[in-house]
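There are 2 protein chains.
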Amino acid sequence: MAGAVDFEDERDVRGDPAAVAEGDGALTQLKAYLAQHELAPNTRLPPERELCEILGVSRGELRKALAVLEEHGDIWRHVGKGTFTGARPAEERISIAEISSQTNPAEVMRARLLIEPELAREAALNANADDVAALSACLAGSRTSETWRQYENWDNRFHRAIASATHNALLIALFDTLNGVRRAVVWGRLRYDIQKPPPDHHSFADHEAIIAAIAERDMNAAATRMRAHLQIVQARLLDRPREAAE
Amino acid sequence: MAGAVDFEDERDVRGDPAAVAEGDGALTQLKAYLAQHELAPNTRLPPERELCEILGVSRGELRKALAVLEEHGDIWRHVGKGTFTGARPAEERISIAEISSQTNPAEVMRARLLIEPELAREAALNANADDVAALSACLAGSRTSETWRQYENWDNRFHRAIASATHNALLIALFDTLNGVRRAVVWGRLRYDIQKPPPDHHSFADHEAIIAAIAERDMNAAATRMRAHLQIVQARLLDRPREAAE
DNA sequence: TGCCTGACCAATGAACTATTGGTTAGGCTA
DNA sequence: TAGCCTAACCAATAGTTCATTGGTCAGGCA
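Chains A and B supply the protein sequences, listed in that same order.
Under the UniProt record's numbering, the first sequence has 113 at position 113, and the numbering climbs by one with no breaks.
Under the UniProt record's numbering, the second sequence has 68 at position 68, and the numbering climbs by one with no breaks.
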């Protein structure tokens, strides 16, 4: 019985309207109403002010009955939204800003170290020629960057392209969340001492090695090299937080 | 005011000789405007209709110049919002429902297999006594479950508790996203052939082994056992999609 | 041909209004 | 006196309206 409200522990009032009208029947009335309508889960019921007229009970009594059902987990309520059948749904939307306010650069780096090598591993399994070409294009772009900002842009695209190469929409979405938080947390930490990345910047070789591993479908190497790359990034981040660019 | 903009250095545009060669000053004007105002990242510039009056160029020319800067990564634009300096920020809110509509149970399972073992590994590193106690409580609860729904509830809490034990807010948030998608995608796949999990259900032993590894701070064992557990879940999911409950 | 101009389109945000669950105060009845 | 009803108010939410803004197109012009 879908979406149903559990009322077996109460008197069966269907078909006995007299009993319904009688006595402390707010809860009983309400259960009868729900049973009669056989509402699907997450259906909105009438607002309290209407419902108490429909059932012929005062709003106070109705609210007491609703509180019982809510405690029982049969319905859930929210100001401005209404009263709904079924269990309260999980939070539908995740805010990057909210996560960012609860974390810090060290945690973000740790999360990258755990997640991104696995993404690289999966990319090595699933990447096609186009994916490898896209990765190479990102590397080439980063090599020709004239500013740190441009470089950061290409670096972003590179890591995003690895997630894309998994061809798994959920993994891509998770990466985007991780990356969004990263960008929010380390926002504005660009280095200004030098104008652009030096030609021997470690990331170039790191990225090249990762691409090679993915192209060769060497899952373990892809993961290992990504981890090594991120460990260097982490070390630089912790040593010189003002120069957190990769 | 248009007169305030200094365009005497039209032939001295730093970093983009191509603009000089073109000769028309829209891009040059725009760069001069940006240089003069020294805007912080993510500052909104005047709307195009105002800016082209300020700079004394047509809207078409201004838009061409803006397109160059956008391609260059110096600004970003969005209909209804405006034009902003710096890199385009990540999408602020992620919708579980949207992700769910783009994925499928196989992808979800694959993502779990990549992510959750790493969470278990990190939990083994960071868990404290309370975390282990919480995990044990979830296992005990699942053992006493009278229905599959109750069992699923405890199983949920168990996996969430592992994420919590990492003590990393970002990893917890990523797990919640993953889990939210999982619940949305495999929604309603509860088994109905038997009323509750049998006492020898594989998950009980699996979970117990995972808890033991975390309690002993054995990171590799925690990851390995989680992976083994999820592989069984995956096999059951693919074999008998109607009985996807763990 | 290339550019300018004006108009229109679609996405966005701000302001406002209506709705709705949650709460409180006063009065009434048993 | 205790419990209940009623009315009003509060705060969160959703819907509506309107102005703003980047994106696009057709006509005119040099």
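Yeah, the Cβ is synthetic: ideal placement off N, Cα and C, and Gly gets one too.
No experiment lies behind these values; they were computed from the predicted model shown.
Q.
What are the residues in the stretch 69 to 85 of chain B lying within 7 Å of chain A by C-beta distance?
A. Answer in chain order: G73.
Q.
For A124 of chain A and L34 of chain A, what's the separation of their Cα atoms in angstroms?
A. Taken atom to atom, the span from the alpha-carbon of A124 of chain A to that of L34 of chain A is near 54 Å.
**Q.** Three-state secondary structure assigned by DSSP to R77 of chain A
**A.** Looking at R77 of chain A - three-state DSSP - the assignment turns out to be strand.
Q | Span of the beta strand (DSSP E) around T85 of chain A | A | Bounds of the beta strand (DSSP E) holding T85 of chain A are G82 to T85.
Q) Which residue comes first and which comes last in the alpha helix (DSSP H) that contains G56 of chain A? A) It is not in any alpha helix (DSSP H) - G56 of chain A carries neither H nor E in the DSSP assignment.
Q.
Tell me the rounded alpha-carbon separation between L178 of chain B and S145 of chain B.
A. Those two C-alpha atoms are separated by around 24 Å.
Q) Can you list the alpha helix (DSSP H) stretches of 4 or more residues lying completely in the stretch 155 to 191 of chain A, in chain order? A) The qualifying runs are 169 to 185.
Q: Flag this pair as touching only if the stretch 68 to 79 of chain B and the stretch 139 to 159 of chain B have three or more C-beta atom pairs under 8 Å; answer yes or no.
A: Short answer: they don't touch.
Q. Are the stretch 135 to 145 of chain B and the stretch 157 to 167 of chain B touching by the rule of at least three beta carbon pairs closer than 8 Å?
A. Because the criterion of three Cβ pairs below 8 Å is met, the stretch 135 to 145 of chain B and the stretch 157 to 167 of chain B touch.
Q | Best match in B:E216, B:H207, B:A221 and B:I211 for proximity to I232 of chain B [C-alpha to C-alpha] | A | The residue with the shortest Cα to Cα distance from I232 of chain B is B:H207.
Q.
If I measure Cβ to Cβ from A215 of chain A and keep anything under 8 Å in the same chain, skipping five residues before and after, which residues do I get?
A. Short of 8 Å from the beta carbon of A215 of chain A, and not among the five residues preceding or following it, lie these beta carbons of its own chain, in chain order: A127 and V132.
(Q) At the 8 Å Cβ level, is N220 of chain A part of the contact set with chain B, yes or no? (A) Using beta-carbon distances, N220 of chain A does not count as an interface residue toward chain B, since no partner is under 8 Å.
Q: Classify T28 of chain A as buried or exposed, calling it buried when 16 or more other Cβ atoms lie within 10 Å of its own Cβ.
A: It is buried - the Cβ of T28 of chain A has at least 16 other Cβ atoms within 10 Å.
**Q.** chain B within 8 Å of A123 of chain A, Cβ atoms only
**A.** Cβ-Cβ to chain B under 8 Å: no for A123 of chain A.
Q. Per DSSP, what kind of secondary structure is I232 of chain B in: helix, strand or coil?
A. For I232 of chain B, the secondary structure class from DSSP, reduced to helix, strand or coil, is helix.
Q: Just mark R44 of chain B as buried or exposed, buried being the case when its beta carbon has 16 or more other beta carbons within 10 Å.
A: Classification of R44 of chain B: exposed, given that the 10 Å Cβ count is below 16.
Q: Leaving aside the five residues before and after E48 of chain A along the sequence, list all residues of the same chain whose C-beta is less than 8 Å from its C-beta, in chain order.
A: Only R59, L62, R63, L66 and T83 meet the Cβ criterion.
Q: Mind listing the chain A neighbours of N168 of chain B? Cutoff is C-beta to C-beta under 7 Å, in chain order.
A: The contacting residues are E107, R110 and A111.
(Q) Taking 8 Å as the threshold (beta carbon to beta carbon), is V181 of chain A in contact with chain B? (A) Interface with chain B (8 Å Cβ-Cβ cutoff): V181 of chain A is included.
Q: Just the C-alpha distance for F158 of chain B and S203 of chain B, rounded to the nearest angstrom, thanks.
A: Spanning the two alpha carbons is a distance of roughly 11 Å.
Q: Go ahead and pull the three-state DSSP assignment for L45 of chain B.
A: Here L45 of chain B sits in coil by DSSP.
Q) Nearest chain B C-beta to T43 of chain A closer than 8 Å, yes or no? A) For T43 of chain A, the answer is no, since every Cβ of chain B falls outside 8 Å of its Cβ.
(Q) Do E98 of chain B and G180 of chain A count as a contact pair if the criterion is CB distance below 8 Å? (A) Contact annotation: G180 of chain A and E98 of chain B have beta-carbon atoms that are not nearer than 8 Å.
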